[in-house]
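Under the numbering used here, think of the first position of the sequence shown as 37, with each following residue one higher. Every residue, glycine too, gets a C-beta built ideally from N, C-alpha and C. Keep in mind that this is a model prediction, so the values were computed, not measured.
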Amino acid sequence: MRSDRDSLPNPRPQTVGGGRANNRGKLGDSTPSGPYTWLRLGPPVYDRSCQRAPDDEPTTRYGSSPFLAHPGPGRYCDRRPRSRRHRLSPDRGTVVVVDYGSQYTALIARRIREAEVYSEIVPATADLPQILAHNPVGVVLSGSDSSVYADGSPELPEGLIESQLPVLGICYGHQLVAQSLGGAVAGAERREYGPAQLEITDPGHPLFSDFPATTRVWMSHGDRVILPPPGFEQLARTANSEWAALGRENLILLQFHPEVSHTQLGHALLRNFALRVCRARADWTPSQFVSGTVSEIADQVGEGRVICGISGGVDSSVAAALVQRAVGDSLTGILVDTGMLRLGEVPELRRALGQQLGVNLITLDAADQFLGPLAGVTDPEQKRHIIGDKFFDVFIQHAEELGGAEFFVQGTIYPDVIESAAAGLGSAKIKTHHNTRIPDRLHLGLIEPLRNLFKDEVRAVGLELGLPEEIVWRQPFPGPGLAVRILGEIDADRVATLQLADHIWREEIAAEGYDRAVAQYFAVLTGVRTVGVMGDSRSYGELAALRAVESDDFMTADWSRLPHELLERAATRIVNEVNGVTRVVYDITSKPPGTIEWE
Numbered sequence: 037m038r039s040d041r042d043s044l045p046n047p048r049p050q051t052v053g054g055g056r057a058n059n060r061g062k063l064g065d066s067t068p069s070g071p072y073t074w075l076r077l078g079p080p081v082y083d084r085s086c087q088r089a090p091d092d093e094p095t096t097r098y099g100s101s102p103f104l105a106h107p108g109p110g111r112y113c114d115r116r117p118r119s120r121r122h123r124l125s126p127d128r129g130t131v132v133v134v135d136y137g138s139q140y141t142a143l144i145a146r147r148i149r150e151a152e153v154y155s156e157i158v159p160a161t162a163d164l165p166q167i168l169a170h171n172p173v174g175v176v177l178s179g180s181d182s183s184v185y186a187d188g189s190p191e192l193p194e195g196l197i198e199s200q201l202p203v204l205g206i207c208y209g210h211q212l213v214a215q216s217l218g219g220a221v222a223g224a225e226r227r228e229y230g231p232a233q234l235e236i237t238d239p240g241h242p243l244f245s246d247f248p249a250t251t252r253v254w255m256s257h258g259d260r261v262i263l264p265p266p267g268f269e270q271l272a273r274t275a276n277s278e279w280a281a282l283g284r285e286n287l288i289l290l291q292f293h294p295e296v297s298h299t300q301l302g303h304a305l306l307r308n309f310a311l312r313v314c315r316a317r318a319d320w321t322p323s324q325f326v327s328g329t330v331s332e333i334a335d336q337v338g339e340g341r342v343i344c345g346i347s348g349g350v351d352s353s354v355a356a357a358l359v360q361r362a363v364g365d366s367l368t369g370i371l372v373d374t375g376m377l378r379l380g381e382v383p384e385l386r387r388a389l390g391q392q393l394g395v396n397l398i399t400l401d402a403a404d405q406f407l408g409p410l411a412g413v414t415d416p417e418q419k420r421h422i423i424g425d426k427f428f429d430v431f432i433q434h435a436e437e438l439g440g441a442e443f444f445v446q447g448t449i450y451p452d453v454i455e456s457a458a459a460g461l462g463s464a465k466i467k468t469h470h471n472t473r474i475p476d477r478l479h480l481g482l483i484e485p486l487r488n489l490f491k492d493e494v495r496a497v498g499l500e501l502g503l504p505e506e507i508v509w510r511q512p513f514p515g516p517g518l519a520v521r522i523l524g525e526i527d528a529d530r531v532a533t534l535q536l537a538d539h540i541w542r543e544e545i546a547a548e549g550y551d552r553a554v555a556q557y558f559a560v561l562t563g564v565r566t567v568g569v570m571g572d573s574r575s576y577g578e579l580a581a582l583r584a585v586e587s588d589d590f591m592t593a594d595w596s597r598l599p600h601e602l603l604e605r606a607a608t609r610i611v612n613e614v615n616g617v618t619r620v621v622y623d624i625t626s627k628p629p630g631t632i633e634w635e
């Protein structure tokens, strides 16, 4: 069953530099033929020697994992690669999370990754061979909105119990396993939503190692187990749930939600499951990810030439730095200036990537090529498609002029994949991300080294690679640029207006020290016209909206409670300094029901 959204700290791992660089010359003359191929880089090969004892947990306020700048993964997308080169398979243990449709499934995998154990999410439709393909050391069954005795409700993967893999069932997963093995599930006499005191009745169980006798947990369910399956024993109970936790050998079932922050020791419980029950290796760290991914990219690319699109955001910058570590001068970064980047974006990227990291960076001034086709277009999906198509037109044309490129690098991350396709039971397409919509005409292998990472992990990798902090901690920026922050028609004047308003908003937030405390912030031109008074004259200009949100994984977000004085200063400056803006509002919509971006 669904549970409340989680809240996580904002840890920042320390920068560790180093690495190799390969000098393989510039782009050559030849161009490969044939259909484009997916070179989706999966979890790389990791050093298994860095396992840490389960009870050796750091006490920093940033949590247990040095990987996380916020923690966590997302949902599964079965876009399978077609590759003319061998795709390395992971030889490491993974805790697989089966998604039964809970919108907070990602939190389970995030918590496991906090324990430095790699975790991936698969849909409820995944069969046992698909699960085993991830080399699992354990499986977690998520919550769901479904009821186990309803027609058409999701079922257990056939053969999972017989596989002898450790299984942790949470809420719906708890009820599903219990019913499947001969227990009984029924609607609770009293629905239980909120905190409950859990009494641990089997303190010797490894799941509850080092736990106190009682602890606070979070319940969110309408059904409950009324009769446990044969052989299962009670591990813990609450006043309303006699079988709040029960187990048999390597099967553990929990009625409550350990993944949410409302559960007092939920992080420790999932860590115990991963390290003590599954015996997973704690090797999911930035340094291991970088070394493994660099090796994998180098093996797959060989002597090939690589081009990378730089959008101005942290994702493409980290992807470029990671690939550059693997292939050196064989990488050429292409920054397409669409005319819709943020104020000062181009020179800042030239300095950080070109001068400081040595990335061969080419800047293309293509503003006219983008603004022209966008004239008169108001539909956001149409804008994204136009920008996506035009971006690749410009990119392919320049790549062909350079010659010899065999691979294309994208900074796709997990939220892009999740929001672009149905990723789990009951999920739906929200909006098209232009950087996952690759035209068939792109005859290049596609490398997506960050595809399995969330934004927090991308930042941690950026710091590990030695990227400047102003790049690592820069604000997320949509691939289509300011086009999706300008509602209605787009022209050069409206772009310039938004650039300045957004710049002022970012300046004021940074001046008050909120630039790293707030997950994302930006300005929007709403297209709404509103009357104002400027001096002694009536004015009629545009309404600008300011957006600032707090988020752990960008799958959910809450609006930031910034000081009123900060909001007042920003609004006053924007109205006074930005021509054409007569009114400013602050967006207090959470995600869900809204999205972070307006379009």
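DSSP bridge partner residues for residue i (one or two, in chain order)
| i | result |
| --- | --- |
| R565 | E578 |
| G345 | I370 |
| S155 | V131 |
| F443 | V342 and G481 |
| R619 | L579 |
| S573 | M570 |
| Y557 | A584 |
| I288 | L204 and G283 |
| G230 | M255 |
| V261 | V221 |
| I522 | L561 |
| W595 | V585 |
| T329 | Answer is none; T329 lacks a bridge partner. |
| E235 | T250 and R273 |
| R627 | Checking the sequence shown, residue 627 turns out to be Lys, not Arg. According to DSSP, K627 bridges with A593. |
Exposed unless 16 or more other CB atoms sit within 10 angstroms - verdict on residue i
| i | result |
| --- | --- |
| S85 | Residue placement at S85 is poorly supported in this model, since its pLDDT is 28, which falls under 50; the coordinates still yield a value, given next. With fewer than 16 other Cβ atoms within 10 Å, it is exposed. |
| I624 | exposed |
| D11 | One cannot answer for residue 11 here, as it falls past the ends of the chain, which runs 37 to 635. |
| S189 | buried |
| G394 | exposed |
| N615 | exposed |
| G328 | buried |
| P193 | buried |
| N488 | buried |
| P248 | exposed |
| R619 | buried |
| T374 | buried |
| T608 | exposed |
| D538 | buried |
Nearest to residue i (by Cα), restricted to the options the options
| i | options | result |
| --- | --- | --- |
| L271 | G338, F590, D259 and T250 | T250 |
| S199 | I167, G218 and L489 | I167 |
| A519 | F590, L480 and G424 | G424 |
| D594 | N612, E601, A214 and P629 | P629 |
| K491 | S587, Q215, G568 and G524 | S587 |
| V497 | E543, L523, G447 and H479 | G447 |
| A222 | R260, P202 and R420 | R260 |
| L534 | V330, S138, V354 and A559 | A559 |
| F406 | F325, F431 and Q391 | F431 |
| V648 | V564, V330, R565 and E156 | Here the chain has residues from 37 to 635 only, and residue 648 is not among them. |
| L480 | R605, E548, V337 and L290 | V337 |
| E285 | Q291, E269 and P294 | E269 |
| A232 | Q291, R387, I262 and G502 | Q291 |
Span of the alpha helix (DSSP H), counted from its first residue to its last, around residue i
| i | result |
| --- | --- |
| I610 | H600 to E613 |
| I167 | L164 to L168 |
| V173 | Run containing V173: none in the alpha helix (DSSP H); it sits in the beta strand (DSSP E), P172 to L177. |
| V354 | V350 to V363 |
| D538 | A528 to A547 |
| D319 | Here D319 belongs to no alpha helix (DSSP H), and DSSP marks it neither H nor E. |
Residue j beta carbon less than 8 angstroms from that of residue i
| i | j | result |
| --- | --- | --- |
| G342 | F244 | According to the sequence as given, residue 342 is Val; it is not Gly. No; because the gap between Cβ atoms is not below 8 angstroms, this pair is not in contact. |
| R307 | A151 | yes |
| A310 | G174 | yes |
| W509 | R495 | yes |
| G369 | N396 | yes |
| S353 | G345 | no |
| L385 | L371 | yes |
| I206 | G179 | yes |
| I449 | L486 | yes |
| A584 | S596 | yes |
Terminal residues of the beta strand (DSSP E) in which residue i lies
| i | result |
| --- | --- |
| T399 | N396 to D401 |
| R273 | E269 to R273 |
Proximity test, Cβ basis, 8 angstroms: residue i and chain B
| i | result |
| --- | --- |
| L579 | Considering every chain present, this structure includes no chain B. It has just one protein chain. |
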